Structures are given as structure tokens and as C-alpha cells.
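Peer 1: According to my numbering, numbering within the sequence shown proceeds without interruption in unit steps and concludes at 478. Where a beta carbon is used, it is the ideal one built from N, C-alpha and C, also for glycine. None of these values were measured; they are calculated from a predicted model. So that we are looking at the same thing, I have put the structure below in C-alpha cells.
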Amino acid sequence: MKSKATFLGTIEDVNGASVRILLSNESLSGLVYVDGQGYRIGQIGTFIKIPIGFTLLYGIISQVGASSVPENRIDQQPYGNRWMTVQLVGEGSANGNFQRGISQYPTIGDEAHLVSERDLTKIYGKVTDVNYIKIGNIASSESIPALLDIDKLITRHSTIVGSTGSGKSNTVTALLKAINSNNYPKAKIILIDPHSEYHTALEDFSKVYSLDGVNKLKIPYWCLSYNELALILFDKKQSIDSPQDLRIQQEILKQKITISQDLKSGSIPENQITVNSPIPFDLKQIWYDLYIETFATVNTKGDFDTIAYKRDGQGVELKGNKETLELPEFIPPGTGGSSPFIFTTNKLLSSYLNKLRGKLLDNRVDFIFDPEDFDGVTKDLDDLLNEWVNHDKPITILDLGGVPFDTMDLAVGLISRLTFETMFWGRFRVKLIFMGTTKKALII
Ligand SMILES: Nc1ncnc2c1ncn2[C@@H]1O[C@H](COP(=O)(O)OP(=O)(O)OP(=O)(O)O)[C@@H](O)[C@H]1O
Ligand SMILES: [Mg+2]
35 MKSKATFLGT IEDVNGASVR ILLSNESLSG LVYVDGQGYR IGQIGTFIKI PIGFTLLYGI
95 ISQVGASSVP ENRIDQQPYG NRWMTVQLVG EGSANGNFQR GISQYPTIGD EAHLVSERDL
155 TKIYGKVTDV NYIKIGNIAS SESIPALLDI DKLITRHSTI VGSTGSGKSN TVTALLKAIN
215 SNNYPKAKII LIDPHSEYHT ALEDFSKVYS LDGVNKLKIP YWCLSYNELA LILFDKKQSI
275 DSPQDLRIQQ EILKQKITIS QDLKSGSIPE NQITVNSPIP FDLKQIWYDL YIETFATVNT
335 KGDFDTIAYK RDGQGVELKG NKETLELPEF IPPGTGGSSP FIFTTNKLLS SYLNKLRGKL
395 LDNRVDFIFD PEDFDGVTKD LDDLLNEWVN HDKPITILDL GGVPFDTMDL AVGLISRLTF
455 ETMFWGRFRV KLIFMGTTKK ALII
């Protein structure tokens with residue numbers, strides 16, 4: 035086989051899947067012609083093959099180098115000792131298909147050969163293969179299409195990695211366009227876009243939900259678990275509940291039980307409801323009630339009904355406003371045992387109430403804390419998913435541009451969970467492909 039034009043050199047070192055090849059004098063020019071096609075030898079990232087009996091091992095060049103030789107060997111190696119390191123990646127039979135993984139290893143003296151375009155089509159597959167989508171061409175061999183097995187892609191998790199500017203976002207776009215321009219007219223894809231970068235590229239294929247666009251992105255806070263909610267609201271990082279947490283949980287549960295009989299999707303038995311059930315409740319109401327409970331002064335000792343509100347110039351009580359989060363104002367307590375009296379001396383909740391009001395006022399997180407008509411009675415979670423998935427475009431972009439950094443992970447997690455759980459529990463009713471991106475990775 036040594037006489038073949040594809041011969042590159044012989045194996046001189048094998049270290050696991052890493053193989054070192056000593057280049058032969060014949061492959062010195064750096065350029066070899068096979069079937070009229072020119073190939074550059076030793077290009078990082080290109081394939082080589084090592085025939086072992088009826089099997090061909092395939093490897094990718096990861097390093098090339100040269101070193102000098104002793105003077106008495108200059109005749110045999112006039113251009114020095116030239117070598118390359120190759121990582122073995124898969125194998126195939128002379129006529130069969132390529133498979134990832136290595137079941138046998140080469141040994142010293144085995145031959146290494148150049149991989150021609152004909153071999154490469156075995157590795158990369160053919161356009162005619164069913165279930166393959168074409169996302170472009172192989173950079174090192176432009177005549178070969180870059181194909182992906184769509185079945186494998188969507189039934190496993192995949193990640194696209196690369197250094198900054200290497201083309202990850204572009205690959206995601208090409209991938210999504212390819213899925214849609216092939217035979218998958220019913221494919222539904224949800225793309226979580228943390229940096230608002232996909233609108234333009236996928237304009238014709240997508241409907242966009244964003245914080246400030248035509249279609250508003252809403253992820254109701256009431257489908258968060260208590261710990262997730264408390265992480266955003268109170269920066270709660272530990273799982274142990276403080277007395278403040280327990281008090282707030284008590285109010286949440288009370289409200290969930292009350293509303294559970296009026297839900298659009300049917301009533302839920304009380305004994306199945308926990309503080310973490312995705313049932314609506316009114317955070318503003320909780321803030322308002324607990325604020326009054328904590329700070330009110332009362333005209334009759336221990337009586338929460340006779341709150342001593344301050345009055346404005348017209349004599350109207352300054353009761354504050356739950357919706358606008360305007361604070362109620364109370365007459366300061368009297369001195370020497372005279373009314374009004376402080377309703378409670380327990381001010382444990384003060385800091386929690388302050389933080390809660392701050393978050394409810396922060397319009398960057400309105401998409402979570404202002405769910406509008408997603409109140410469980412007018413619209414429930416199935417309506418939300420229905421809006422996301424049921425439209426005439428194949429892709430739904432959930433644009434998280436503008437979401438504060440500390441809420442981003444949670445928003446992505448919540449969307450993923452909501453989508454996955456809906457897909458799981460409704461798997462006999464709806465079929466959708468789930469896809470999400472983070473800064474540097476695409477998870478499918
Ligand atoms: N296949 C390609 N051919 C030519 N140019 C490309 C290709 N893919 C990407 N580019 C160009 O490279 C640049 C960076 O691409 P892209 O934004 O996709 O990279 P990225 O890996 O997502 O970067 P970042 O890490 O910053 O998000 C863009 O200008 C893009 O047009
Ligand atoms: Mg990018």
C-alpha cells in the first residue's frame with residue numbers, strides 16, 4: 035500500500051487514542067493529488083485513516099511538528115524528522131459506514147493514509163440518507179455537505195461549543211432553518227434567547243415573545259416553588275425556612291386554597307395543595323396585608339379592625355393602595371398608655387416586606403410579577419403554553435433580553451420546567467421539540 039498516493043507515514047507511538055505518525059519522505063511537498071483533487075497534508079482538524087486488516091481507523095490531526103535528525107541520517111531524512119499527532123475518533127470497514135468509537139488500536143509500523151473525499155462522504159453521511167438535514171458544507175472539503183441526524187439530535191441532549199466568535203449562534207440559526215426547510219412542517223421549537231440575537235435571522239420562521247415587544251413574554255410568579263420565589267424576592271439561598279418564610283408561606287397557602295375552587299381548569303382538593311403547587315395567589319395582597327399587620331396602630335387594643343389610619347386634608351383615610359403599592363399611613367402610637375396602640379411589636383417581617391415591595395415595583399421583572407390575566411381564572415398555564423406553541427410559525431423565540439442578570443437562570447429554568455412538564459404530562463395530546471440556549475450552549 036506504501037506506493038499509494040494517499041500514503042502519509044507510519045505509526046511510531048500509540049498512547050490510548052492518541053497516535054504519533056512519522057511522515058514519509060514522499061509526503062514532503064505538503065500537497066497531494068488523489069483522483070485529481072489536491073489535499074493539504076498535516077492540516078489540523080483534518081482526517082487520516084489507518085487500515086488494520088479489514089477495518090479502517092479514522093483520526094483527526096491535532097498537532098504537527100518537525101525536529102532535526104543526526105547528520106548520518108540526513109540522506110534518509112533530508113527534510114528532518116516530521117511528525118503529526120492524531121486523535122482516533124472512529125472506525126469503519128473498507129466499504130461500510132463510519133462508526134464513532136474505537137474497538138482496536140494501531141501498533142508501531144502501521145500505515146497512515148490521507149482521507150479522500152470519497153472516504154469523507156462515509157464519515158459525514160449522504161444527503162440522500164433519510165432523517166438527515168443539511169446545515170452547510172464541511173469547511174475543509176466544500177463539496178461535502180454537513181449533515182445532521184435529526185432523530186439523534188432531538189432525542190438526546192446536544193451542545194454547540196466554541197470560542198467567542200467561532201460561529202455558534204450562526205450554527206444554531208443554520209440548524210433551525212434546516213429543520214424548517216426540510217420535511218418537518220409540524221416541528222415546533224421553543225428557543226430561549228438570552229441576548230435578543232435571533233429575531234432578525236429567524237424573522238420569517240418565528241413568533242417572538244419579549245419583555246417590551248408586540249407579544250409580551252409572561253411567566254407567572256405563582257408557578258415558581260417557594261424557594262425559587264424567595265431566591266428572587268429575598269435572596270434566600272438556604273433550604274431551611276426562617277420564621278419570616280414560614281409566615282409568608284402560610285399566607286400563600288391560604289390564598290392558594292381559597293382560589294383552588296374557582297380555577298378555570300377545574301377545582302383541586304384542598305389536601306393536595308402545597309405552598310409549591312402551581313396555583314395562583316396575589317403577592318401584592320400578601321404584601322399589603324402583612325404590611326398592615328406589622329406596622330398598623332389600632333384604636334382599640336389588639337383589635338385589627340380599628341386601624342388608626344392617618345387622614346388627608348379632606349378627611350380621607352390614607353389606606354395606601356395594594357395595586358400601586360402605595361404605603362398605608364398610620365397615626366403614631368399614643369404616649370403613656372393612650373390610643374392608638376401598636377398592633378404588634380413583632381417587626382420581624384419589616385425587611386422582607388421592604389424587599390418584596392422593591393421587587394414588585396421593579397419593572398424589569400414585570401414579566402414574572404405582573405402576570406396580567408394569567409390569574410388561573412381568566413387564563414391558566416395551558417393557555418400560556420398554547421400561546422407559545424399554537425401559531426402558524428414553527429419557531430417561538432422567548433426573548434429574555436433585558437431580564438436582570440440575577441433572574442436569568444431562574445427564568446430559563448422555569449421556562450424549561452414548564453415546557454418539559456407540559457410536554458411530559460400532556461404527551462398524548464401535544465408533541466413538541468424542546469430546545470433551549472444558554473450563552474454558549476444549545477441544549478436540545
Ligand atoms: N460558517 C460561517 N462562515 C462565515 N462566517 C461565519 C460563519 N459562521 C459565523 N460567521 C461569522 O462569524 C462571526 C461570529 O459568529 P457568531 O456570532 O455566530 O459566533 P459566536 O460563536 O456565537 O460568538 P459569541 O461567542 O460572541 O456569541 C459573525 O460575524 C458571523 O457572521
Ligand atoms: Mg453567539
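(1) Look at the alpha carbon of G79 and the alpha carbon of G196, and state the distance between them as a whole number of angstroms.
(2) Which same chain residues end up closer than 6 angstroms to S230 when comparing Cβ atoms and leaving out the 5 residues on each side of it in sequence?
(3) Which residues does DSSP pair with L122 in a beta bridge?
(4) Which of the three DSSP states, helix, strand or coil, is assigned to I359?
(5) Give every residue whose Cβ lies closer than 5 angstroms to any heavy atom of ligand 1, listed in chain order.
(6) Which runs of the alpha helix (DSSP H) fall wholly inside the region 276-314 and span at least 4 residues, in chain order?
(7) Whose C-alpha, out of A221, A146, R281, V437, is nearest the C-alpha of D426?
(8) In three-state terms, what does DSSP make of I467?
(9) Reducing DSSP to helix, strand and coil, say where S175 ends up.
(10) Over what stretch of residues does the beta strand (DSSP E) that includes Y243 continue unbroken?
(11) Ignore the nearest five residues each way along the sequence and tell me which others in N204's own chain have a CB closer than 7 angstroms to its CB.
(12) What are the boundary residues of the alpha helix (DSSP H) that D443 is part of?
(13) So, with DSSP's three-state summary, where would you put F41?
(14) Let me check one thing: in DSSP terms, what residues is G99 bridge-paired to?
(15) Mind checking whether S200 and Q121 have CB atoms under 8 angstroms apart?
(16) What is the rounded straight-line gap between the Cα of T412 and the Cα of V399?
(17) On the three-state DSSP scale, how would you describe V79?
(18) Restricting to Cα atoms, I'd like to know which of L452, A342, L56, G349 is closest to L479.
(19) For Q138, which option in L90, K381, I45, D269 has the closest C-alpha, if you only look at C-alpha atoms?
(20) Would I55 and M118 be called neighbours here (beta carbons separated by less than 8 angstroms)?
(21) In whole angstroms, give me the CA-to-CA distance for G43 and A208.
(22) What does the Cβ neighbour count give for V446, buried or exposed, with the cut at 16 atoms within 10 Å?
(23) For P254, which residues of its own chain have a beta-carbon under 6 angstroms away from its beta-carbon, when the five flanking residues on both sides are left out?
(24) Going by C-alpha to C-alpha distance, which of N59, G124, V309 sits closest to Q283?
(25) Does F496 come out as helix, strand or coil in the three-state DSSP assignment?
(26) Could you tell me the alpha carbon to alpha carbon distance between I326 and G410, rounded to whole angstroms?
(27) Just how far apart, CA to CA, sit M35 and E145?
(28) Span of the alpha helix (DSSP H) holding D404?
(29) Can you check DSSP and say which residues form a bridge with Q133?
(30) Taking the straight line between their C-alpha atoms, what separation do you get for G354 and P303?
Peer 2: Judging by the given coordinates:
(1) 14 angstroms
(2) D433, G435
(3) G93
(4) First, the amino acid is wrong: residue 359 is Leu here, not Ile. Residue state, collapsed to three classes: coil.
(5) T198, G199, S200, G201, K202, S203, N204
(6) 277-293
(7) A221
(8) With a pLDDT of 45 at I467, under the threshold of 50, the modelled position of that residue is not reliable, and the figure given next carries that caveat. I467 falls in the strand class under three-state DSSP.
(9) strand
(10) 240-244
(11) none
(12) 439-459
(13) strand
(14) W117
(15) no
(16) 22 angstroms
(17) The residue you asked about is not Val; residue 79 is Gly in the sequence shown. Residue state, collapsed to three classes: coil.
(18) Residue 479 lies beyond the range of the chain shown here (35 to 478); nothing can be said about it.
(19) L90
(20) yes
(21) 38 angstroms
(22) buried
(23) P405, F408
(24) V309
(25) Because the chain in this structure spans residues 35 to 478, residue 496 falls outside the shown range and cannot be described.
(26) 27 angstroms
(27) Below a pLDDT of 50, predicted positions are generally treated as unreliable, and M35, at 48, falls in that range; no measurement from the model is reported.
(28) Careful: D404 lies outside any alpha helix (DSSP H) and carries neither H nor E.
(29) E125
(30) 35 angstroms
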